[in-house]
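J.: There's a structure below that I have some questions on.
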Amino acid sequence: MEKNPSGWLSSISVNYPCTILAFRSLFFSCLDHFSGASSRYAPGMKPSAIRRCQGHRNFREARVREFFEYNTLHSPRHFNIRFRHTMPNSLVQYFRCPQRFDLLAWRDEPTGESGYFRFGNDSTCFGSYHAQRPSAFPAGALHDALDEVVIEDGKVHLPFSPSQVLEHLQRESYVGEWREGPLSILSQIYYFLRPALTVPVRRHLQRLYLSNWKELSFPSWPVDCSVNNLMEHLLLLSLRASGEKCVPFIWFWPNASSSCAIMTHDVENQEGYDYCSTLMDVDDTFGIKASFQVIPEERYMVLPRLLEEIRGRGFEICVHDLNHDGHLYKNREQFLQRAVKINAYGKQFGAEGFRAAVLYRKQIWYDALEFSFDMSVPNVAHLDPQRGGCCTVMPYFLNGILEIPVTTVQDYSLWNILHDYSISLWKRQTKIIMEKHGCMSFIVHPDYVKHPRQLLIYRELLAHLDRLRRDSDVWIATPGEVNRWWRQRAAMHLVEKGGSWLIEGEGSERASIGYAKEAEGRLVLSLDHPSLPQSGITSGTAHATTRA
Ligand SMILES: [Zn+2]
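Mapping to my numbering: the sequence shown position 532 is 532, numbers consecutive.
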């Protein structure tokens, strides 16, 4: 019962001639078109809502197919190498633990239709499953795959491929194509009329569109940690299979920080542009440096003076879409044309990071973006027009780009959709993310925060983050710093020398060794060696039962 060494995707049409794939793609597109599918489906809808969404499944299956086929067509060489290298090693990639602790195995590569199942009480998974048909919907009682895990001969035998699940969640391939059919027409009408609509009318339309958000059970609100919980469950099972007391790993953040936080400002209009300097003053009051995402075309003139000020004061510049018209991902041809311009602006502005307008995204097209990191994928997108979410609070790699997901509610949604003029939801979200040692990322717009009431709340948030930095060792960094660290950590190695563990690689002087051990049936992540009395960072996280 050995793991397939070539990776689960290697068996899927990797060597098909391009023409056959193109034909298949066209066929499925036509099939989906004529099925009358509605893109109002979003993951996690209650069954009553699901019934209103005839055809959503076709869309989701098409999205999964598209994901495979796109990669096969556009990067066949890299595709094979990339997945052979990374797919079977998801545990090692996530924890940066020694390879010998990755004891996961699955009989054959699971094939068949993908669907939803659970892994423990706190992780919803999406993928194909051995000898079972997973659920078509994330709602209701899902089958718990943890019950079928067997530890035998020093291996953890799973009924699914964790790498496949990880890919589906992080790349959101479980969501149907969202802007198809009727919504595509509505969206075109909306964006055509948008310049003529007053702000109150726009807000009303947005609220109307998002009104069903409470019906969504997946991803879980207000933060979904399915990926993080899955990885912790799997590490606990591997620890049990290894027969050892603990698993050493490279701690998530530099200088033994417990978690990380980033502040980002999307500059929407001239008003926001004019407020950037004042906003830097506000951020500086709390010793917090942020990134400013600027729109290169149409909204305002991006003058070198502002860029120099942002850089000179230790803040960062990222590119925010091209012109923010909502059509970046309308079709592949237009996207490629725009990507050329966006890349050129990135170089001109000295920007390493990108964020699309309105958190629109199509992750399978990111190969055309020449940026080091992206910040367009929400953790849970219930309050965003494009639903879904990557279900993780950790950065992750999308081909060459590092994705730093948006893990907290945006200021606009908090104030205009939820009508919440407090920081209580932000505090709730930071607490959940910190339990997973994740990255808290915030979007606060200069355009909205310039008003006295909103500014007061923003100052409260900054004070809260400052407290977390002092009392809980949270690392408050810029997105660029997170990107550099996460890349360094991904290249570091834990090596055993003379009976103890050492971290090798660039930046290792800032890295710390974490230890994962089991306590009362749960995985505990700590910076303390298990033989020492405990102090400092600790988290009780995964609880898993196996038929060991
Ligand atoms: Zn924007």
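For every residue, glycine included, the Cβ atom is placed at its ideal position computed from N, Cα and C.
Since the model is a prediction, treat every value here as computed from it, not as a measurement.
Can you give the Cα-Cα distance for N89 and Q99, rounded to whole angstroms?
T.: 8 Å
J.: On the three-state DSSP scale, how would you describe D528?
T.: coil
J.: State the beta-bridge partners of Y129 as determined by DSSP.
T.: F160
J.: I want to see whether chain D comes within less than 9 Å of P395, judged by CB atoms only; does it?
T.: The structure shown contains no chain D; it holds only a single protein chain.
J.: Is F442 near I401, with beta carbons less than 9 Å apart?
T.: no
J.: Figure out for me which residue from G272, D471 and V444 has the closest Cα to the Cα of R459.
T.: Ranking G272, D471 and V444 by Cα distance to R459 puts V444 first.
J.: Roughly how many angstroms lie between the CA atoms of F137 and S123, to the nearest whole one?
T.: Roughly 15 Å between the two C-alpha positions.
J.: Return yes when the C-beta of E297 is under 8 Å from any heavy atom of ligand 1, and no when it is not.
T.: no
J.: Are the Cβ atoms of K341 and L322 separated by less than 9 Å?
T.: Contact annotation: K341 and L322 have beta-carbon atoms nearer than 9 Å.
J.: Is H168 near ligand 1, in the sense that its beta carbon is under 8 Å from a heavy atom of that ligand?
T.: no
J.: Entirely within the stretch 420-479 and at least 3 residues each: give me those beta strand (DSSP E) ranges in chain order.
T.: You should have 439-443 and 474-477.
J.: With the cut-off set at 9 Å, would you say E506 and H493 are in Cβ contact?
T.: no
J.: Output the boundary residues of the alpha helix (DSSP H) element that contains S242.
T.: S226 to S242
J.: Would you report the Cα separation of K517 and V150, rounded to the nearest angstrom?
T.: 19 Å
J.: Counting pairs of Cβ atoms below 8 Å between the stretch 235-243 and the stretch 449-459, do you hit three or more?
T.: no
J.: For K3, count the other beta carbons within 10 Å of its own beta carbon; 16 or more makes it buried, fewer makes it exposed. Which is it?
T.: Reliability fails at K3, whose pLDDT of 34 lies under 50, so the model's placement of it is uncertain and no value is given.
J.: By the 10 Å Cβ neighbour count, where 16 or more other Cβ atoms means buried, how is G350 classified, buried or exposed?
T.: exposed
J.: Could you tell me the distance, in whole angstroms, from the CA atom of I404 to the CA atom of K245?
T.: 33 Å
J.: Do you know offhand how far E297's Cα is from V199's?
T.: 21 Å
J.: If we ignore side chains and look at the alpha-carbon of each, how far apart do C391 and S135 end up?
T.: Taking C-alpha positions only, C391 is separated from S135 by approximately 18 Å.
J.: I'd like to know whether the C-beta atoms of K362 and Y329 end up nearer to each other than 9 Å.
T.: yes
J.: Taking only the alpha-carbon atoms, compute the straight-line gap between L235 and V524 and give it to the nearest angstrom.
T.: Cα to Cα, the separation comes out at about 10 Å.
J.: Within the chosen definition, does the stretch 201-219 reach the stretch 484-499 through at least 3 CB pairs nearer than 8 Å?
T.: no
J.: Quick check on T285: buried or exposed, where buried means 16 or more other Cβ atoms within 10 Å of its Cβ?
T.: By the neighbour-count definition (other C-beta atoms within 10 Å, threshold 16), T285 is an exposed residue.
J.: How many Å lie between L279 and H320 at the Cα?
T.: 18 Å
J.: If you count every other CB in all the chains shown that lies within 10 Å of the CB of L383, and 16 or more means buried, which is it?
T.: buried
J.: Go through its chain and collect everything with a Cβ distance to I476's Cβ below 7 Å, but skip five positions before and after it.
T.: Once the five neighbours on either side are set aside, the close Cβ partners of I476 are A261, I288, L465 and R469.
J.: Use the C-beta contact count for E167: other C-beta atoms within 10 angstroms, 16 or more gives buried, fewer gives exposed.
T.: buried
J.: Please confirm whether any heavy atom of ligand 1 lies closer than 8 Å to the CB of D374.
T.: At a cut-off of 8 Å, the beta-carbon of D374 does not count as near ligand 1: no heavy atom of the ligand is closer than that.
J.: Give me the DSSP bridge partner(s) of Y345.
T.: Paired residues: none, contrary to the question.
J.: According to DSSP, is D321 part of a helix, a strand, or is it coil?
T.: coil
J.: Compare the Cα-Cα distances from P378 to each of L169, L307 and I310 and report the closest residue.
T.: L169
J.: Which residue or residues does DSSP assign as beta-bridge partners of C276?
T.: Partner(s): none; C276 has no beta bridge.
J.: Which residues in the same chain as P530 place their Cβ atom closer than 8 Å to its Cβ, once the five residues preceding and following it in sequence are excluded?
T.: K245, C246, Y515 and K517
J.: Contact between the stretch 200-209 and the stretch 116-131 is defined here as three or more beta-carbon pairs at a separation below 8 Å; is this criterion met?
T.: no
J.: Mark D153 as exposed unless 16 or more other C-beta atoms lie within 10 angstroms of its C-beta, in which case mark it buried.
T.: Label assigned to D153: exposed.
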